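S.K.:
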Amino acid sequence: MNLQAYLVVAAALVSVGLFGALTQQSIVMLMMGLELLLNGVILGAAAFWYFLAPAGTEGQVLIVIVVTAMAIEMAAGFAVTTAIYRAKRIDMTDDAAELRG
Amino acid sequence: MVMMNEDPATLIPELALLAGAVLAVLVGAWTPRRRQGRVRVLALVAVGVGLIGTITAATKPPSTTFDTYVLDTTTHAVRAIVLVSVALILWWSRDAVAAHPRESEFTALVLLGGLGAVLMAGAADLLLLFAAFLLASVPLYALAGWAKSGATTEAALKYYLSGAFAGVTMLAGTTLLYGAAGTTGYDTLPEGLATGAAGPAAVGLVAVLAGLAFKAGAVPAHFWVPDVTDGTPPPVAAVLTTIPKIGALAAMWRLLLDVPEDIVPWPLLIAVIAAVSMSLGNLAAFSQSSVLRLLAYSTVSQVGYVLIIIAVGARTPEAQPALLFYLAAYALTNIGAFAAVAAHPARTVDEFRGLGRRRPLLAIALVVSLLGLVGTPPTAVFVGKLTAFTAAFDGGMAWLAVLAAVNTVASLFYYLRWIAPLFRDESPEPADESSESRTARHGAVTAATLSLVLGVAAGLILPLFAAS
Amino acid sequence: MITLALFVVLAATAIVAGALVFRVDSMARATFLLLLSFLAVAGLVLMTGLQYLGVVIVLMMVIEMVVMAVFMIMYMMNPAGLMTMTMFHNTRGAVAIAATVFVALAAGALVVDWPVRGGVPAPDLTMALGESLMSGQMLTMMTLGVTLFATIVGSVVLATGRGRYDRLGDDLGAAESDDRDRGGVGR
Amino acid sequence: MLSIVVFLPAVVALALAALPDTSTPRRYTVPWVVTGLVQLVLVAVMWLQLPPSGYGFVEQVAWIPSAGISYHLGVDGLSLPLVAMTVVVFTAAAIYSLREHQRPKSYVLLFLALQTVSVGVFVALDLILFFLFFDLSIVFMYFVIAGWGQGSRARSAALTFFLYTFLGSLALLLGFILIYLAATPHTFDIPALAAQNPLTAGGPVAGAALLAIGMGLAVKTPLVPFHTWLPPAHTEAPAAGSAVLAGVLLKMGTYGFVRIAMPLLPASWRQFAGVVVVLGVVSVIYGALVALAQTDLKRMIAYTSVNHMGYVLLGVGAAGLVAETDAQARQLATTGAVTQMVSHGLITGALFLLAGALHERGRTYDMGAYGGLAARTPRFAGLFAVAAFASLGLPGFSGFIAEFQIFTGALGATPVATAIAVVGILLTAGLFLVALSRMLLGGLRYPDAPGTPRPFPDLRARELAAIVPLLLLATLIGLVPRTLLDTIDPASRVLNELVAR
Amino acid sequence: MDVLLVALLLVPLIGGVTLVVVRPPRAAVPVGLAVAAATVGLAVVAALQRPHIGLPLFDGVAAGFAVDELSAVMVVLVAVALLAVLAFAAGEPALGSGRFVGLMLVFAGAMLATVTATTLPPLLAAWEVMGAVSWALIAHHTSDPEAARGARTAFLTTRTADLGLYLAAGALLAGGVPTLAIDALPLVAGGWRDLAVAGIVVAALGKSAQLPFSFWLSGAMHGPSPVSALLHSATMVAAGAYLLLRTTAGLQATGWAAPLVAWVGVSTALLLGLVALAQDDLKQLLAASTSAQIGFMVLAAGVGAVPAGVLQTVAHAATKSLLFLVAGAWLVRVGSRRLDDLRGAARRHPVLGAAFTVGSVTLAGVPPTGLWVSKDAVLAGAMATGPSLYAVGLAAGLVSAGYAAKALWFVWHPSPNPVEDMAVAPAGERVQAVVAVALAVAAAAAGLLALGPAVFRPDPAPSGLELLVSGAVAVVGIGVTWRVAGRLPEPALLLSWLRLERLAVVLLVRPTRQLAAALARGDDALHHRVVLGTGRDAVRVAALIDRHVERGLDRGVDGVAAGARALGRTARRPQTGQLHQYYAQAAVGFGVLAALAVLLIGVS
């Protein structure tokens, strides 16, 4: 197995995630896209650590951070979603478009 | 092996902000609704402690603490600017938040956001930078939705989603940079990049910059700025458009100076972002009638001017004092402008008619702030712009200075579009006195005065910022 | 050989499951497909020898997806896949952007002359990670800790419908909390 | 010394601000008059001790050293006469306003502030300092017009004035920054920049700087076509405000040309001197023609200001045509231009105060409403006739000294332009004679004074004390010009050497 | 020496200004007379001592004054005329005010400065002050709108011509005369000399009411008669001719100026003579005759006959001030200036009538009066240049005899319907009689001066034949006119002074005022259209100059403004409010930046 293979897989995950983030109307689905994107990042970080710099621990810490960030962002995201749902009964980004121009 | 090799005392300002936030939440939980003012007092004490800590720390030679955190002029300056900004906003937002059920939380979130901004500025490791980015973002998402009305939640949603996207991009960038350099510490970055792959480094750097650009509100990550500014109450908008910007721009500065120009040609990239930011911000502000959106776009263009300094950061020693001074000047002036908006129920340019007669002091403060944003002597932003132009000129990017000058002239038009009605005759319907905010008015006057003082005293301040 | 097979299977699972997240017509299914993708990636991470992190990912993601499922049930349309979803916008542009990104990244991954591997992994990776977290990256971890605190505060601010003053009165002096459902954290 | 002269009014203003509010105007106006007189004494002392060359009474304190900005004051032969004129005009305005009843406190405070910044502009030797004073003068004048304007449209006129001149000032600032950037080391210090001459070679940068600075100054001067803010501002402003606006503030524009544009951008000045000349001539003719068609006395005087400032431009423009002319001619043109600034300040100040006195009595500036005043109010008629003749450039008054030098000096360099400009003095003669005939000669005719039926008193002692000294000075300069010219000549010689580099 | 000259200039000036400012109710006339007398004394001494002085004025330019041979004559002439006129005017109480006497003194001071100035700046200064004072003097009766109009016309017309002096000063400097000395005119280099000479000629012709500027003198007649006597006969109008006499060397040097001046002079003498002949108003007749007589002086300057010109100046000054004063006295008494109304005036006032008669005969050029000698001296000079000049001059002489006779005929022929004169203070009448007689003697005897000092001695001297011919012409002229005087035709063209004023109004004044009004309208429109931020303002000005330019520019500026607005709209278009579009745009934006970064690496 080599770095390139891992990276191509990671790139595929990132692209799929990006596609989801760009296309999903539902806020939660959009967040899923971002999760998937981070999924690719985790893979990339692991690959970089393993194939390029196994002596250090930054790659591992990076994965820890990504996982934590996912949790934090999810929590924040659900909180925001809850708030906007309470306020406007909206769960789609397209409906939240009063502010513009 | 596992040793506390560093002294937490070096982080007094940060710890003070943290303690202030924690105490705000704790004390707030046991405070009657109408007496939450004590929480603000507590926060202001914390800020005061932080300021004292900053001043004490600034007298010591630059050092690195916890391996990943740099204590130098930049950090100290950002600490001071953020602390003063936080204090100012907390003070003048009193009328807007007093006795609100979530007043304590407001205070805590502002303090936490400030802490995140400071940590970004001091971070000398990509991982810490991202952690600080998160800390600078999450409380502010909540802050954006703090008022929980329709518009503010929409603002919070957009802010959050933009931030999440930016954060993800930034993480991807961090990963790429890590892959390219094999390290995440700034001190080892240059040598790592020297032996690593340039292409991934460049893409990674751009992705990391995307996150920072989001915090700073620079093009093309600026989309949240007008919508969020428009949708949130002015005190919140003031926080969102001021505090994270300072940290993000300082962080950008610190990161880029450790990336060798010959491996990743970032000055031109930054110059492009700067050029587009200031031009787009100004153009979009042209025919705005909503003052909040107008201010929002103006902050976008202001970021463009700051980015000019960063673009030539590695080329001229004038850049550092220019950057820090500009940040300080921008913070004060911008806060003043938002305070002036907060002081008055008007939200469109026309509604400001006759303010000059009704509230002359407020009108003057607003004029000083707006002309300050234009860069009229002797306001602080003038010195900031002057140093920026000088840095650009001496750094071999004269075209950027010229573009900035053109933009400055253009910007005068929309600022004047706002200033002019202030001194026209009043609108027929009487003003609703009850919806005016006294503290915000005082805040506007104070901030405007401070921006003038900062401009006049620039001779004393600039050398302080020049120290390494 | 087994490694290669394993890699291919896991990679394919991760990508296909990930792609299917946006193809299925039920959010519940989407959630579980996402979880599957994560588990596959966790497997790939495990293959690089990062057992601890792999397990962490598995645990984290299972919990997260469960939480997400709860949210589905709370607000989202068509939680059980009873109705078809039309939840796309700008598909064409997104495909173009995503495809471009993929091509660019993949090409980069293949074309770039990556540096040679420097050094060997520490004998006890988990230990090394722990040491790192407690020394070099301590401040990062502290910051993340503070961020978690901020997240809690922020989430409460955003998500709670009724704050303490609603429940206990403006002076927090109510003898009993005024909750719609009894049993909240009262006094 | 110089700082005292500049900031004395500001200090007095602060002291007055501390006084409790009262409606007795004298509580404020008398200290104002005294301030002006003290300043006059100080200026006289400086005049006597002015060094024969270079700057006198220099004060320099570092301000923002890293940006090359300093608090740098100094006077020379170009600025001291203008300082003196400024103080005289302000003192006259103070005497004229002794009985100002409408919110006297803020009125006096504003004028004192304006007095400080006006003197400041003329003694500033740092571009930023100059700009600050320049800009603040706009701000204070805005409040004077908006707060004490006589017409219903005062606020809008004030706003037009503010927006226009402020836009101009921004252009000015950009020009300053261009010069600053071109200099090594970067500095805003005027003498240092003049010595260094960073844009020796001219070129597009210097041209752009000159364009920006020229635009800024042209708006303030004002030159056609940047003059449109002037007539409404004057029509609405109170008499003392008009006197200061025309007498002092317009000079800031022209002074900027001789203090900044010419010595700091000599190459471009020489290159574009022809444009300057054309602008000057257009202003001369246009201003005179439009003034000729006015029926409103104040507007007419306002337009003659455009005309008179045009002569200044002709003079300084001709001084830039180095190749076509010899040193003496340039000397005459430059000295004439500076003399014209002083002269116009005195004469137009007097004219506006007279117009104010007329308005106080008849509540209108419409010249058609008056007639035969020579019989009814001989003192007014006499002074108005003297002021009018002084303004139309009659020998014996300062205007002739200025205009003769300008024409004589400029003819060699630009014969056609000068020949056209000379027609300007004929047009002004025509318009003033028409005004004189209309208002002073013929059958007696005047509007009822407000409130009382028809009392139309002659000028009072207070008004005489304000107006007569101005005209007396204009006459003294006209008859014994050497006192003034001995001061200006050396400085304009230095200036011409700088331009000819 | 210097003090003397300074005193000569300052005594009347200071005295006059003091009188104007102080306005003593009764002391004005005595003080004025005392000052005038002192001035005469000073003038005589100065004429003998010939002082000169140079005061620093401008950089390298002095205010030079000197009494030389030529100006010596003038200072005495001016001083004496002043004294005579003031003394005569003392008889009219309406003219006893401090303002009037003071202004007369100021005027005389300015005239003295004009004739003694040796450099252009003081000359021009004094020259213009004369004009301005003449405005105030003509408009002395402030309630008379005609006087106001006449004063304005006089001042503006002369000032128009004065512009020539401004140009001349510049031309002198540009032509290499840094001192601006008048006598350096021939030394001026190149084309500058032509310009300088042209300027001086125009200024002189204007001041001297020569063609085509003559008409202002007609309007000026609305002023008090003593003013006309001093300003419009003896001094101010003569100043132009005097200036030309001073600069004959310069006129000759150009080649074109001398003949031009000569022809203008002689044409004026003839045409304005005809105008005078056609007038039905005594003052107008005298005014036109002044123009005509000064035409002879100008002719003298043109042909270089300086002494002849000086002689003519002196003789004419005495004659014409006498005539104006006497005419004025009658006008006051009769209350009309029409010749018809003045019939028989000489009969009722025999002393004044006799003096008037002497004056008229002199004006006609009858031997052996002063003007007979001087005119012949001038014609002799003209003859030396060319016979055509002489012929026209002789014709002008004939005409002058005609108008003199016409005036005389009317004042001697009694009116069919008797008139009642207004009463005049007897003291005043006595003074007037004395002055009139003295002036009559001077006028008649002025010819003797030709035998006196060199400055008066004509060169070439007129031959006996010429003297005889001109004498005969004068007598014939008188004789013929006397017979037809009562029914001389008064063609409108001549009555209206050749319609010159109308011409000036139509050609210059009206277009100027129309242009001014149009510009003012445009300028007002400019205010209303001040549109912040478009700079359209500047464009509107162009509209007034050139419609086409305007349209082009307007399009341009509108284009810029519209472009800016459109750009602004474009800049805001991405701000759709739709988050997914923000995502896409940000993704594309950073993608482009990343691509740019990679590309830059590739390049470097």
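Protein sequence lines correspond, in order, to chains R, B, D, A and U. Letter 45 of the first sequence, counting from 1, is numbered 64 in my numbering, and no numbers are missing. Letter 10 of the second sequence, counting from 1, is numbered 3 in my numbering, and no numbers are missing. Letter 93 of the third sequence, counting from 1, is numbered 95 in my numbering, and no numbers are missing. Letter 352 of the fourth sequence, counting from 1, is numbered 1220 in my numbering, and no numbers are missing. Letter 523 of the fifth sequence, counting from 1, is numbered 1299 in my numbering, and no numbers are missing. The C-beta atom is built at its ideal place from N, Cα and C for all residues, glycine as well. Predicted, not measured: the structure shown is a model, and the values here were computed from it.
1) CB-CB under 7 Å to residue 1058(U), same chain, minus the five flanking residues each way: which ones, in chain order?
2) Residue 1071(U): which of 871(U), 980(U) and 1023(U) sits nearest, CA to CA?
3) Kindly give me the distance between the Cβ atoms of residue 312(B) and residue 256(B), rounded to whole angstroms, as I take these residues to be in contact under 8 Å.
4) Can you list, in chain order, the residues of its chain with a C-beta nearer than 8 Å to that of residue 1123(A)? Leave out the 5 residues immediately preceding and following it.
5) What are the boundary residues of the alpha helix (DSSP H) that includes residue 1389(U)?
6) Which residues in the same chain have their Cβ closer than 8 Å to the Cβ of residue 123(B), if we skip the five residues on either side of it in sequence?
7) When you compare the CB of residue 58(D) with every CB in chain R, is at least one pair closer than 9 Å?
8) Buried or exposed for residue 868(U), going by 16 or more other Cβ atoms inside 10 Å?
9) When you compare the CB of residue 80(R) with every CB in chain B, is at least one pair closer than 9 Å?
10) Roughly how far, in whole angstroms, is the beta-carbon of residue 992(A) from the beta-carbon of residue 1001(A), given that I think they are within contact range, below 8 Å?
11) Could you tell me how far apart the beta carbons of residue 84(B) and residue 432(B) are, in whole angstroms, since I believe they sit closer than 8 Å?
12) What does residue 1162(A) touch in chain U if you count any residue whose Cβ is under 7 Å from its own?
13) For the beta strand (DSSP E) holding residue 931(A), just list the boundary residues, first then last.
14) Step through the CB atoms of chain R and report whether any lies within less than 9 Å of the CB of residue 34(D).
15) Going by C-alpha distance, which of 880(A), 879(A), 955(A) and 918(A) is nearest residue 908(A)?
16) Quick check: what's the CA-CA separation for residue 7(D) versus residue 46(D)?
17) Evaluate contact between the stretch 905 to 912 of chain U and the stretch 1255 to 1272 of chain A, counting only Cβ atoms and requiring at least three cross-stretch pairs below 8 Å.
18) In chain U, which residues lie with their C-beta within 9 Å of the C-beta of residue 103(D)?
19) Look at the alpha carbon of residue 1317(U) and the alpha carbon of residue 1119(A), and state the distance between them as a whole number of angstroms.
20) Which residues in the same chain as residue 1200(A) place their Cβ atom closer than 6 Å to its Cβ, once the five residues preceding and following it in sequence are excluded?
21) Alpha carbon to alpha carbon, what distance is there between residue 1068(A) and residue 1369(U)?
22) Any contact of the stretch 788 to 802 of chain U with the stretch 877 to 891 of chain U, i.e. 3+ C-beta pairs under 8 Å?
23) For chain U, check one thing: does any of its Cβ atoms lie closer than 9 Å to the Cβ of residue 1196(A)?
24) Can we say the stretch 1090 to 1104 of chain U touches the stretch 1211 to 1224 of chain U, given the rule of at least three CB pairs closer than 8 Å?
25) Can we say the stretch 808 to 825 of chain U touches the stretch 916 to 927 of chain U, given the rule of at least three CB pairs closer than 8 Å?
26) Which residues in the same chain as residue 412(B) place their Cβ atom closer than 7 Å to its Cβ, once the five residues preceding and following it in sequence are excluded?
27) Does the distance from the C-beta atom of residue 197(B) to that of residue 171(B) stay below 9 Å?
28) Consult DSSP for residue 937(A) and reduce its assignment to one of helix, strand or coil.
29) Give a yes or no on whether 9 Å exceeds the smallest Cβ distance from residue 1355(U) to chain R.
30) Buried or exposed: residue 91(D), going by 16 or more other Cβ atoms within 10 Å of its Cβ?
31) Taking the alpha carbon of residue 27(R) as the reference point, which residue from 111(D), 59(D) and 149(D) has its own alpha carbon closest?
32) Do you know offhand how far residue 828(U)'s Cα is from residue 812(U)'s?
M.R.: Straight from the coordinates:
1) 1103, 1113, 1115, 1118 and 1183
2) 980(U)
3) Going by Cβ atoms, the distance from residue 312(B) to residue 256(B) rounds to 20 Å, so no, they are not a contact pair.
4) 946, 947, 950, 989, 990 and 1209
5) The structure shown does not extend to residue 1389(U), since chain U spans only 777 to 1380, so no value can be given for it.
6) 160, 163, 164, 167 and 204
7) yes
8) buried
9) yes
10) 6 Å
11) 7 Å
12) 1296
13) 924 to 932
14) no
15) 955(A)
16) 12 Å
17) yes
18) 1363 and 1367
19) Residue placement at residue 1317(U) is flagged as unreliable, the pLDDT there being 40, under the threshold of 50; the coordinate-derived value follows with that caveat. So the alpha carbons of these two residues sit roughly 24 Å apart.
20) 1273, 1276 and 1277
21) 40 Å
22) yes
23) yes
24) yes
25) no
26) 360 and 363
27) yes
28) strand
29) yes
30) buried
31) 111(D)
32) 22 Å
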